[in-house]
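Each remark here refers to the structure printed beneath this line.
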Amino acid sequence: MPFPKHLTAALLLAASLPTAAQSRQETLLTSDWKFTKGDQPDGAKPELNDAKWQTVRIPHDWAIAGPFDGKNDQQVVKIEQNGEQEATLKSGRTGGLVPAPAGRARAGQGRPGRAAIRWCHEQRPRLHQR
Numbered sequence: 048m049p050f051p052k053h054l055t056a057a058l059l060l061a062a063s064l065p066t067a068a069q070s071r072q073e074t075l076l077t078s079d080w081k082f083t084k085g086d087q088p089d090g091a092k093p094e095l096n097d098a099k100w101q102t103v104r105i106p107h108d109w110a111i112a113g114p115f116d117g118k119n120d121q122q123v124v125k126i127e128q129n130g131e132q133e134a135t136l137k138s139g140r141t142g143g144l145v146p147a148p149a150g151r152a153r154a155g156q157g158r159p160g161r162a163a164i165r166w167c168h169e170q171r172p173r174l175h176q177r
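If you're matching positions, the sequence shown starts at 48 in my numbering and goes up one per residue.
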């Protein structure tokens, strides 16, 4: 007697399900974060002394610490939706936030599940886990 196709499919599906040993482990990194402005090439290394870094809560946006200045992101643009006929000098999309080319945050140094984040002006934040 041939083996039913639906039973074969069910057995294959059951065999592909993750077992308890394969289950994902999540570690919340919501506290113990340190931050510094500027690039720190060795910032992800556990042995780096971050005692002078600022203690922050994540998510953290260091640009809000200021100083705000409308000259930080000036642009000459014409806003057609406002009926403007000529381009004029305006504050840019950042609303005067201070330009911040790079920064680094790290958490949980000295224990499993630690992480580091590096921000660069040209790229999105990247999470480095060790």
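Here a beta-carbon is modelled for each residue, glycine too, at the ideal position from N, C-alpha and C. These numbers come from a predicted model, not from an experiment.
Residue i - DSSP class collapsed to helix/strand/coil
i: K92; result: coil
i: A152; result: strand
i: W109; result: helix
i: K118; result: helix
i: T55; result: helix
i: Q101; result: strand
i: L144; result: coil
Exposed unless 16 or more other CB atoms sit within 10 angstroms - verdict on residue i
i: A57; result: exposed
i: G150; result: buried
i: G90; result: buried
i: A154; result: buried
6 Å CB neighbourhood of residue i in its chain, flanking five on each side removed
i: V123; result: A134 and L136
i: F115; result: G143
i: T141; result: D120
i: Q87; result: R151
Neighbourhood of residue i by C-beta distance below 8 Å, restricted to the same chain and skipping five residues each side
i: H107; result: W80, F82 and A152
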